[in-house]
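Read through the structure below, which is laid out as structure tokens, and then see the notes.
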Amino acid sequence: MIVVSGGGRGVTAASVIALAKQTQAAFVLLGRTELSDEPPEAHGLTTDAELKRALLSSAVTRGLKPTPRELEQQARRILADREVRATVAALTAAGSRVRYAATDVRDASALGALLDSVRTEFGPITGLVHGAGVLADAPLHKKTLDGFDRVFETKVGGLCALLDATAGDPLKVICLFSSVAARSGNVGQSDYAMANEVLNKVALAEQARRGPACLVRALGWGPWDSGMVTPGLKAMFESRGIGLIPLADGARAFVSDVLDGQTDDPEVTLGDGVSASVLPAEGRIARVLAQVRRQPQLADHRVRGNVVLPVVQVLEWFVRMAEACRPGQLVQRLLDLRVLRGVTLQDFDQQGDPMLVRAAPAEDRADRLACTLSDIAGATAYYSATAEMGSAPAVAPAAPTAPAGGHRLDRDTCYSNGALFHGPAFQVLEDVECRATSATASLHGLTKAGWQGEGWATDSAALDGCLQLALVWSHEQLGRTVLPLRVGEAVRYRAGALGDGLRCVLSNGDAKNSGAVCDLDLVDADGHVVASLKRLELYPYGG
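Heads up: take any position in the sequence shown, counting from 1, add 95, and you land on the working numbering.
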């Protein structure tokens, strides 16, 4: 069970919703908003202006004369209540148990009593996310003690109270929402910068004290495109050339860091700021785990009885890692994806097989990251690729036209003639037509295949179906089983699950005894190219 301060609204809420979709953990959200029934006159109204007009009209009919400030507070309260209720509903829809409680995290006595009741209902607390925060921006000479206390005590006093109240709980993760302002500063935010730097130092101390049994993180966020970033702040950031982190990108980075982070780096900077988007020369490392409870579909990816890590799982990890390192940017293409050494998952059905994903600045270009997957010691490299980053998705080309005719293979033949080794969860091909240098296949993606989880960076099931088409075509040409060992260029034109009615077109095929090379384009039901794998190289396996 995870306790989240400031979790009812804003960026913290978006982050825990994304985490719930991945883990279905139980959440207790702590917020300042005391929920109340919405007045009838507000029903169906969505904008601030509409609400104020309706509230004013209702007050006048009752002989009241509310001030503009009172109307502003009432409208803001209604919108805040709605946001909290929407968060609770989203967490519930994701499969999580959830409770919302209005409390002041600075009040140690009230917090302790609340968490006692929480343990009775949910059991021990295993995670802590501290996202509560307030702003009171002003030049230093206009700062007040009251304003300073609200900013500093919400961050620092709230954290102290949370740590004290959970001192006896078996915490496995502590995640603190910090800010790049702690390092780079920001106009009018001296108190906010100070408070967040304290969070950074507490994270370092707590990680050293707790050791590897608990992941501790201080996430030094750049400005988000929502939440506490007011229109004035947004304009200021834009004038300084500092990009805002889109809500979905920030939430995805949070989930990636919490689930795959390493305990040796408690401070993580995410987003733009003074040097904030620049990775250190040695890059960043995340721990990933291939394990039956996390990726049950991999149980059906067996070669000679052994579970083998699929290329598409590595591609998914590389894309997630690169985009987590550069929030606000997208992987436009992966270049030179190589299988350096196949990975047999020895402990997949039990504790799982841990590995390291590393992303570091490429030597040749600032917009590229060198990605590697290695064993947990970092001694043996399994896969490598270069991620080319950009601010917008790659522009999709026109869909290729496949020649008519060819040798048709139905689904049963594809999975029984020796070309493929894939079990039910990976059997996404529906039919195939092969020609001398080209082929086509109808297939489906991860949703129909029943792969669990949300927030996918790629449709890994559909991409594996493309690779399966290449294996079937190669088998038809060579009479031998082959495996993919290199992709010259992988491009994702659309993220996530791709729906039904997919089609893969194999072109530029060249099959020889030493292996085969081809291009693959994945096309959706509307005829748009949604992904491509260019210069795929396949080599014979097993004689």
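Think of the CB as a built atom: it goes at the ideal place given N, C-alpha and C, for glycine as much as any other residue.
Rounded to the nearest angstrom, what separates residue i and residue j at their Cα positions?
| i | j | result |
| --- | --- | --- |
| S469 | L404 | 12 Å |
| V183 | G190 | 11 Å |
| V99 | G226 | 7 Å |
| L354 | A348 | 10 Å |
| P161 | A154 | 7 Å |
| A592 | H570 | 28 Å |
| A565 | A108 | 43 Å |
| G518 | Q424 | 35 Å |
| R171 | F217 | 32 Å |
| A611 | A487 | 33 Å |
| D367 | G327 | Residue placement at D367 cannot be trusted, given a pLDDT of 43 that sits under 50; what the coordinates show is reported in the next sentence. Rounded to the nearest angstrom, the two C-alpha atoms are 17 Å apart. |
| R721 | S627 | Given that the chain is displayed from residue 96 to residue 638, the structure contains no residue 721 and the question cannot be resolved. |
| G345 | G317 | 10 Å |
| T553 | R278 | 34 Å |
| W551 | P422 | 16 Å |
| R399 | L125 | 51 Å |
| A520 | F413 | 22 Å |
| A455 | R581 | 21 Å |
| Q64 | A144 | Only positions 96 to 638 of the chain appear in this structure, which leaves residue 64 out of reach. |
| V369 | D442 | Only weak support exists for where V369 lies, its pLDDT of 31 falling under 50; the coordinates are left without a value. |
| A330 | G306 | 42 Å |
So residue i is in the beta strand (DSSP E); what residue range does that whole segment cover?
| i | result |
| --- | --- |
| C309 | Counting along the chain, C309 falls outside any beta strand (DSSP E), and DSSP gives it neither H nor E. |
| N603 | L597 to K607 |
| E528 | L524 to C529 |
| A480 | A476 to G485 |
Residue i: buried (16+ other C-beta within 10 angstroms of its C-beta) or exposed?
| i | result |
| --- | --- |
| S372 | Summary for S372: the model assigns pLDDT 40, below 50, so the residue's position carries little reliability; its value from the coordinates is reported in the next sentence. The residue is buried, with at least 16 neighbouring Cβ atoms inside 10 Å. |
| R379 | buried |
| A308 | exposed |
| K237 | exposed |
| V282 | exposed |
| G158 | exposed |
| H138 | exposed |
| K116 | buried |
| G645 | Since the first and last residues shown for the chain are 96 and 638, residue 645 lies out of range. |
| G622 | exposed |
| E129 | exposed |
| S274 | buried |
| L601 | buried |
| I471 | exposed |
In three-state DSSP terms, what is residue i?
| i | result |
| --- | --- |
| Q427 | strand |
| W551 | coil |
| F443 | coil |
| H236 | helix |
| L354 | helix |
| E136 | helix |
| F122 | strand |
| T128 | coil |
| P495 | coil |
| K629 | strand |
| W640 | The displayed coordinates of the chain run from 96 to 638. Any statement about residue 640 would go beyond what the structure contains. |
| P391 | helix |
| D264 | coil |
| R433 | strand |
| G222 | strand |
| L580 | strand |
| V200 | coil |
| R104 | coil |
| G400 | coil |
| P318 | coil |
| I380 | strand |
| D259 | helix |
| D286 | helix |
| I112 | helix |
| G253 | helix |
| L299 | helix |
Going by DSSP, what residue range makes up the alpha helix (DSSP H) through residue i?
| i | result |
| --- | --- |
| A165 | First, the amino acid is wrong: residue 165 is Glu here, not Ala. Unbroken alpha helix (DSSP H) run through E165: P163 to A188. |
| R147 | Note that residue 147 is Lys in the sequence shown here, rather than Arg. First-last of the alpha helix (DSSP H) with K147: D143 to T156. |
| S204 | A203 to F217 |
| L339 | Segment: none, L339 is in no alpha helix (DSSP H) and carries neither H nor E. |
| R192 | It is not in any alpha helix (DSSP H) - R192 carries neither H nor E in the DSSP assignment. |
| N96 | Checking the sequence shown, residue 96 turns out to be Met, not Asn. No alpha helix (DSSP H) contains M96, which DSSP labels as neither H nor E. |
| R506 | R506 to C509 |
| V639 | Given that the chain is displayed from residue 96 to residue 638, the structure contains no residue 639 and the question cannot be resolved. |
Please confirm if the stretch 580-589 is in contact with the stretch 475-493, defined as three or more CB-CB distances below 8 Å between the two stretches.
yes
The stretch 541-548 in contact with the stretch 489-500 per 3-pair CB rule at 8 Å:
no
Taking contact to mean 3 or more Cβ pairs, one atom from each stretch, closer than 8 Å, check whether the stretch 428-435 and the stretch 594-612 are in contact.
no
Touch test, the stretch 437-452 against the stretch 497-504, Cβ-Cβ under 8 Å, three pairs minimum:
no
Three Cβ pairs or more, each shorter than 8 Å: is that satisfied between the stretch 196-213 and the stretch 253-266?
yes
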